[in-house]
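Count the sequence shown with mature numbering (1 follows the signal peptide of the UniProt record, and there is no 0) and you get residues -21 to -1, 1 to 158, in order.
Even for Gly, the Cβ is constructed at its ideal location relative to N, Cα and C.
These figures come from a predicted structure and were not determined experimentally.
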Amino acid sequence: MHFIFASLAALIVGSVVSVTAQTCTTCGSIMQQFWRSNLPGKLDHFYTTDNTQFLTAVNSQGYKPEGVAGGVFSTQLGSSVAFFGLFNSALVDHFYTTNATEVKEFEANGYVLQGTAAFVYPRQVCGSVPLYRTFNPTAVDHFYTTNPLERDASLSSYVDQGIAAYLPAPGATNNSPLC
């Protein structure tokens, strides 16, 4: 019995591998808040890093503030990529993606590219969290959240479209160090 335990312990210890710690300086150091708002009645979710644009949507266009969806970058840092924003005025729907093919597909269906909404990670790095995308086909609304419980709750009327991007971990504040 002692021999089996010693052999098992040696096997476990022998299985340990060295892991190099990831430094977050390679992930970028400055982030912006990605404000989220919702247009009741039309059911459109709008996201922006621009405080003026956010306040205009809330104060003049009828959008209701829903707080911060997460942290993003206003310029490309490290391995971040463009998070394109598109809008279809006939459908009253904002759509966001890192995928250039999706941009072309949505443009072919009446969406207008509004530019780069932010810069995000295309894959998980530095403790980043998923930004989930869901879609309500009845209301024609794309919804994005980093909260898995909020995503799950939306699935009663929305379809899960997977992970749109990865954002810095929650808790970071505007223009603060990421890690």
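Exercise. Where does V119 fall in DSSP's three states?
Worked result: The sequence position of residue 119 within the sequence shown is 140, counting from 1. V119: coil per DSSP, three-state reduction.
Problem set entry | Residue nearest to Q133 in terms of C-alpha spacing, selected from A48, G141, F122 | Within the sequence shown, residue 133 is the residue found at index 154, counting from 1. Per the sequence shown, residue 133 should be read as Ser rather than Gln. Of the candidates A48, G141, F122, the one whose C-alpha sits nearest the C-alpha of S133 is F122.
Exercise. CB P116 to CB Y145, shorter than 7 Å?
Worked result: Taking the first residue of the sequence shown as position 1, residue 116 is located at position 137. Taking the first residue of the sequence shown as position 1, residue 145 is located at position 166. No, the pair does not count as a contact, with Cβ atoms beyond the cut-off.
Exercise. Between the C-alpha atoms of F52 and L70, what's the straight-line distance to the nearest angstrom?
Worked result: In the sequence shown, the residue the question calls residue 52 occupies position 73. In the sequence shown, the residue the question calls residue 70 occupies position 91. For F52 and L70, the distance between alpha carbons rounds to 28 Å.
Exercise. So Y111 packs on H73, CB below 8 Å; how close in whole Å?
Worked result: Taking the sequence shown and counting its residues from 1, one reaches residue 111 at position 132. Taking the sequence shown and counting its residues from 1, one reaches residue 73 at position 94. With a Cβ gap of about 16 Å, Y111 and H73 do not count as contacting.
Exercise. Under a three-way DSSP split, which group does L128 fall into?
Worked result: Numbered from 1 along the sequence shown, position 149 holds the residue referred to as residue 128. Helix, per DSSP.
Exercise. Below 7 Å between beta carbons: does that hold for V47 and F66?
Worked result: The residue given as residue 47 occupies position 68 in the sequence shown. The residue given as residue 66 occupies position 87 in the sequence shown. In this structure, F66 does not lie closer than 7 Å to V47 by Cβ.
Exercise. So the alpha helix (DSSP H) L34 belongs to, where does it begin and stop?
Worked result: By 1-based counting over the sequence shown, the position of residue 34 is 55. Element bounds for L34: 30 to 39.
Exercise. Between the Cα of V138 and the Cα atoms of A118, A148, P149, P147, which residue gives the shortest distance?
Worked result: On the sequence shown, residue 138 is found 159 positions in, with the first residue counted as 1. Taking only the C-alpha atoms, the option nearest V138 is A118.
Exercise. Where do the N-terminal and C-terminal ends of the alpha helix (DSSP H) with V82 fall, by residue?
Worked result: In the sequence shown, counting from the first residue as 1, residue 82 sits at position 103. Here the alpha helix (DSSP H) through V82 covers 79 to 87.
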